[in-house]
Amino acid sequence: MKTFPIGGVHPSENKLSGAKPIEVLPLPDVVTIPLSQHIGAPAVAKVAKGDKVLTGQLIAEAGSFMSANIHSPISGTVTSVDLVPNGQGLRQPMITIKREGDEWAEGIDRSETLVRECDLPAQEIIARIKAAGIVGMGGATFPAHVKLSVPPGKKAEVLIINGVECEPYLTSDHRMMLEHGEEILVGVTILMKALGVQRAVIGIENNKPDAIAHLKGLAGRYAGIEVMPLKVQYPQGGEKQLIAAVTGRQVPPPPALPIDVGAVVCNASTTYAVYRAVQKNMPLIERVVTITGKRLTAPKNLLTRMGTPVLTLIVAAGGLPEGDVKVINGGPMMGRAMVNLDSPVTKGCSGITVMSGRDAVRNEAGSCIKCAKCVAACPMGLEPYYLSKMARRKNWEVLEEQMITSCIECGCCQFSCPSYLPLLDFIRLGKQAVMGIIRARAAAAAPKK
Amino acid sequence: MEVLLFTILTLCALGVLAAVVLYFVARKFRVEEDPRIDEVEKMLPGANCGGCGFAGCRGMADALVKRDDISALFCPVGGSACMKSVADYLGKAAPEKEPQVATVRCGGTCAKRPRTNEFDGAASCAVASALYVGETGCSFGCLGYGDCVAVCAFDAIRINPETGLPEVDADKCTACGACVKACPKGIIELRKKWPKNRAVYVSCVSKDKGAVVMKACKAGCIGCGKCAKVCPFGAITVENNLAYIDPQKCKLCRKCENECPTGAIRLVGMEPLPKEPKAPAAPKAAPEKPAAAPKAAEAAAKQVKAE
Amino acid sequence: MANKFIVSPAPHVQSAQSTARIMRDVVIALIPALIVSTVVFGANVLWITALSVFCCMLFEYLIQRFLCEGANTLPNFSAVVTGVLLAFNLPASIPWWIVVIGAFVAIAVAKMTFGGLGKNPFNPALVGRVFLLIAYPVQMTSFPMPANGSFDALSGATALAAVKHKLAAADAVGVQDLLLGNMPGSLGEVAAAALLLGFVYLLWRKVITWHIPVTILATMAVFAFVVALSRGDEGAMLWQFPLFHVLAGGALLGAIFMATDYSTSPMTVKGGVIFAVGIGVITMCIRLWGAYPEGMSFAILVMNAVVPLINKYVKPKRFGLK
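Chains as they are written, first to last, in the numbering used here: chain A, 4 to 452; chain B, 2 to 308; chain C, 714 to 1035.
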């Protein structure tokens, strides 16, 4: 069975909510919508305090090409456009809307009927995806229309659908593939058309045999779509790892992109959103969020409107357990710990993981015993122990030479460290510093041309 | 015996050979250097702290010797005296700078700024700052993991375990600026060093609105602007909900400190001015006050100087 | 709020492997050899091992307590591993005070002077052993005869020494004896089968990878085979000679437990293979043409010195680079 070529780890899967069908969370009374829910420029607010908005109405417009539209997830009145603390307690511009009823904007098809045929030209498909504000829903939040606009001189050869869900605990993509498999497959055909490719591969890790079987059964009806089971190995859901696992091609180090090896990767939930945007004119205003944790009474998958406070989801899953807790936006390998549970669910939030008691606290760090387990685990072929040490010493030159910018921050090194060293904490700092230096250098070189 | 002799001879021959090789190599690859660089390096303090902007004292010495105009170069550790002796030796104009001291502009002690969560990552301000707001509700304040302490080459800054904040030992501080660069929150500033280490400064860098500041910290600047109004020297500006005392204009009159409702303005090495009872005839005296105030303040400032 | 919120950067989970668990696994992997050794040489084996472990732990504790500030590393078992490995490198008839000196050199000189766990460039147990070998050559090379386990028995030469000094041919010692420890030797090197069992355990627990041990042994075997070929051996000798060198002496103990020591072996698989080939070649050179019958310890120490260089120049295969 295929997997990526270098490194990787296999954390306990803990897919507590894998067998729980998607439930619909009741509409929230108040939502807060960050203007920046994606990589790139923040969106520009199109509404002001006191404005009435409808569900699905455009409330913030993409700030540049590398940006995404944002739509109102509920109908009601805008109560403020102001700085509001996000999950990490940092104040960011957000639109707050108080719900009144459930009035939808015109032109949105809310029915569940499957629409298979799509006669639109590629340009129109991409335009609709852009209008709907779709971004990568696996967590990277890369605007989808940017990814689909293949730059001149490059050619897409294969579309890869990411149904890997390698993060422990998370099950939202798994449930989407099971419950909306047909829509996802139609979404794949739409994406293939947008990219002009003849082949698509849906990569699914082998710990979801039901999803593999389900999609394999459905895929026969669509030309050029292959369902590929993959060996369970974290971080297979990483774009570069998935491309390597599926095609055997390795994306060169930055600034190279997946398109340089002819691949475009799209997450399964995103593909569903693409289907809805193109066939139903439905903007991205809701998503499935896994709410999970060993000590939650009812881990589940909730269909949630964007902007819903995280606390609402936790309450729906039985409330926070007593004692020490670490609430993570995302899964335990790459998710960000939160301090503010009033912060909203955003486009990239695939799950909320609640670690509690002993699990919430890191083990005390020892000293490096040079066991080289981090080197063996690094899926990018780096030397985390060395990068971390050099980052602590702020030796940016060495870090750049040792390819720190290749780091995908997957956490394999720190996960595998038997001395519990905070390797990635410092590597992340070093990577940011080096990327800043590279950008500054590029900026300095640019005007001379 | 023969073996012994042979061994000794071989070793001697090897030694001579190596010496000859070394001699020629040293001749060939010799780097001609201005001997004054060595001399200047000896005059510098030798702390290699990087406060001058060079990697070490040698780099600074090199620049001092090679550049014609050395007014932009300054060794914060050695200070004016050191720069003067170097300039005299080189026959150049000495750069001058008034003495400065690192000042930590955060008053959010454990008591005044309640902890809302516990940070469990690597104990580094840079790591915590890149991740989130910090252990308190204030996203501007000191995180307290001591990145500034780690970079200080002079043992001049330490975390006070009671307040959780770094404290600068002004006598040891050389104003090299290492801590200023290390602080991810930009809390530390090099400010003019007064005699007896006196200081008046706004001990807060929060640009949040007043209500937000008060929620997170009882010692924060809420940007009310009372201090700016009372300052006789126009040294205080309020921008982005934050007051700032210009160290070049401030004369340590301490009037602002009395006005500050949250105690964000800090005095060091001085007693506060006695609280004046509210002037009963305030509206009447108003037109005269601006004229009178600077005088009183001037007097207070003089008094400070005289001490 | 009843909850205390904990915050840290990702990742938020940790593999079950800890330093203490790794070291414990190494100790467990050494137990079969200890049992065989006890059967072969008698209860004195246990006493020497216990003394060595105790001294190593004591020295580490004292140094950490009084000489250098730092975390206490006793609970992570690394001193225990050093102690057992040191004992395994000593003959069963060794006087107790030599064990104490060996432990002191291993821990105080080879380990703690460099900063303790993970920072020592040379394998502590081997430094201890080589020091003793040079300082007390007589006691270190007087090996009691096995079989009856009596210490009054005549001291015998190890299989390697016997072959070296032309007292016996390499095929004189049977493979079965080498496997089961029916020969004179230091505590840990006499039972090849028990060491191999430990190797399997370490592989299963993912404490080490197979690359270094297998490469060392393969290098030695190939080297011995070429030597046997070049001197015109024929028939059974062609495979007996390499097999003898792989099984005899400290080859297995060194390859499995000493060369794989984390802090003194390279960080990459590629580097590990280079390191292992070096050990294999040097060991065979010393065994065949050097002054000592056994060369494993010296070979490992020599290659330990090369490790920083290997780490500097041998980098892992980067993702996306040809």
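Beta carbons are placed, not taken as given, at the ideal position from N, Cα and C, and that holds for glycine. Computed from a predicted structure; not experimentally measured.
CB-CB length for residue i against residue j, believed under 8 Å
{"i": "residue 56 of chain A", "j": "residue 81 of chain A", "result": "6 Å"}
{"i": "residue 1014 of chain C", "j": "residue 839 of chain C", "result": "6 Å"}
{"i": "residue 101 of chain B", "j": "residue 194 of chain B", "result": "5 Å"}
{"i": "residue 155 of chain A", "j": "residue 382 of chain A", "result": "Not confirmed; about 31 Å, so no contact."}
{"i": "residue 77 of chain B", "j": "residue 178 of chain B", "result": "7 Å"}
{"i": "residue 671 of chain C", "j": "residue 435 of chain A", "result": "Only positions 714 to 1035 of chain C appear in the structure, and residue 671 of chain C is not among them; the question remains open."}
{"i": "residue 68 of chain A", "j": "residue 149 of chain A", "result": "7 Å"}
{"i": "residue 220 of chain B", "j": "residue 110 of chain B", "result": "7 Å"}
{"i": "residue 133 of chain B", "j": "residue 91 of chain A", "result": "4 Å"}
Span of the beta strand (DSSP E), counted from its first residue to its last, around residue i
{"i": "residue 974 of chain C", "result": "Per DSSP, residue 974 of chain C belongs to no beta strand (DSSP E) and is neither H nor E."}
{"i": "residue 202 of chain B", "result": "200-203"}
{"i": "residue 68 of chain B", "result": "Per DSSP, residue 68 of chain B belongs to no beta strand (DSSP E) and is neither H nor E."}
{"i": "residue 95 of chain A", "result": "94-102"}
{"i": "residue 205 of chain A", "result": "202-208"}
{"i": "residue 75 of chain B", "result": "Looking at the DSSP string, residue 75 of chain B is not in any beta strand (DSSP E), and its letter there is neither H nor E."}
{"i": "residue 535 of chain A", "result": "It is not possible to answer for residue 535 of chain A, since the shown part of chain A is limited to 4 through 452."}
{"i": "residue 359 of chain A", "result": "354-359"}
{"i": "residue 88 of chain A", "result": "79-88"}
{"i": "residue 232 of chain A", "result": "228-233"}
Cβ-Cβ distance between residue i and residue j below 7 Å
{"i": "residue 356 of chain A", "j": "residue 274 of chain A", "result": "no"}
{"i": "residue 270 of chain A", "j": "residue 291 of chain A", "result": "no"}
{"i": "residue 228 of chain B", "j": "residue 205 of chain B", "result": "no"}
{"i": "residue 264 of chain A", "j": "residue 163 of chain A", "result": "no"}
{"i": "residue 997 of chain C", "j": "residue 933 of chain C", "result": "yes"}
{"i": "residue 88 of chain B", "j": "residue 174 of chain B", "result": "no"}
{"i": "residue 408 of chain A", "j": "residue 31 of chain A", "result": "no"}
{"i": "residue 929 of chain C", "j": "residue 1023 of chain C", "result": "no"}
{"i": "residue 960 of chain C", "j": "residue 900 of chain C", "result": "no"}
{"i": "residue 62 of chain A", "j": "residue 50 of chain A", "result": "yes"}
{"i": "residue 12 of chain A", "j": "residue 415 of chain A", "result": "yes"}
Where the alpha helix (DSSP H) containing residue i begins and where it ends
{"i": "residue 1029 of chain C", "result": "It is not in any alpha helix (DSSP H) - residue 1029 of chain C carries neither H nor E in the DSSP assignment."}
{"i": "residue 417 of chain A", "result": "415-419"}
{"i": "residue 757 of chain C", "result": "757-775"}
{"i": "residue 264 of chain A", "result": "Unbroken run through residue 264 of chain A: none, as it is neither H nor E."}
{"i": "residue 727 of chain C", "result": "Element bounds for residue 727 of chain C: n/a, residue is neither H nor E."}
{"i": "residue 852 of chain C", "result": "850-853"}
{"i": "residue 942 of chain C", "result": "924-943"}
{"i": "residue 163 of chain A", "result": "Segment 161-166 is the beta strand (DSSP E) holding residue 163 of chain A; no alpha helix (DSSP H) there."}
{"i": "residue 179 of chain A", "result": "175-182"}
Residue i beta carbon near the ligand ATP (any heavy atom closer than 6 Å)
{"i": "residue 198 of chain B", "result": "This structure lacks the ligand ATP; in fact it carries no ligand of any kind."}
Short CB-CB distance (under 7 Å) between residue i and chain E
{"i": "residue 328 of chain A", "result": "The chain labelled as chain E is not found among the protein chains of the depicted structure, namely A, B and C."}
>> Threshold first: 4 residues or longer. Then list the alpha helix (DSSP H) segments lying entirely within the stretch 293-331 of chain A, N to C.
In response: Qualifying alpha helix (DSSP H) stretches, in chain order: 313-319.
> Is the stretch 229-237 of chain B in contact with the stretch 132-141 of chain B, if contact means three or more CB pairs nearer than 8 Å?
Replying inline: no
>> Report the start-end ranges of each alpha helix (DSSP H) in the stretch 148-196 of chain B that is 4 residues or longer and not cut off at the edges.
In response: 148-152 and 179-183
>> For a minimum of 3 consecutive residues, which ranges assigned as the beta strand (DSSP E) are wholly contained in the stretch 240-271 of chain B?
In response: 243-246 and 266-269
>> For the structure I just gave you, are there three or more beta carbon pairs, one from the stretch 327-343 of chain A and one from the stretch 166-185 of chain A, closer than 8 Å?
In response: In short, these stretches touch, since the Cβ pair count reaches three.
> With a cut-off of 8 Å, do at least 3 Cβ pairs link the stretch 133-143 of chain A to the stretch 284-299 of chain A?
Replying inline: yes
>> Could you check whether the stretch 10-17 of chain B touches the stretch 150-162 of chain B, counting it as contact only if at least three pairs of C-beta atoms, one from each stretch, sit closer than 8 Å?
In response: no
> Within the chosen definition, does the stretch 345-360 of chain A reach the stretch 318-335 of chain A through at least 3 CB pairs nearer than 8 Å?
Replying inline: yes
> Is the stretch 798-810 of chain C close to the stretch 841-857 of chain C, with three or more CB pairs under 8 Å?
Replying inline: yes
> Are the stretch 729-739 of chain C and the stretch 894-909 of chain C touching, with three or more C-beta to C-beta distances below 8 Å?
Replying inline: In short, these stretches do not touch, since the Cβ pair count stays below three.
> Which ranges does the beta strand (DSSP E) cover as unbroken runs of at least 3 residues, wholly within the stretch 90-141 of chain B, from first to last along the chain?
Replying inline: 101-105
> Should the stretch 24-40 of chain B be regarded as contacting the stretch 58-73 of chain B, the criterion being three or more beta carbon pairs within less than 8 Å?
Replying inline: Contact holds: three or more Cβ-Cβ distances are below 8 Å.
> Is the stretch 6-18 of chain A in contact with the stretch 77-97 of chain A, if contact means three or more CB pairs nearer than 8 Å?
Replying inline: Segments in contact, no.
>> Restricting to runs no shorter than 3 residues, where is the beta strand (DSSP E) found entirely within the stretch 9-48 of chain B?
In response: Within the stretch 9-48 of chain B, not a single complete beta strand (DSSP E) segment reaches 3 residues in length.
> Are three or more beta carbon pairs between the stretch 941-951 of chain C and the stretch 914-931 of chain C nearer than 8 Å?
Replying inline: no
> Does the pairing of the stretch 392-402 of chain A with the stretch 748-756 of chain C give three or more beta-carbon distances under 8 Å?
Replying inline: no
> Does the stretch 793-800 of chain C touch the stretch 757-774 of chain C, meaning 3 or more C-beta pairs lie closer than 8 Å?
Replying inline: yes
>> Assess contact between the stretch 113-133 of chain A and the stretch 82-102 of chain A, defined as three or more Cβ pairs (one per stretch) separated by less than 8 Å. Is contact present?
In response: no
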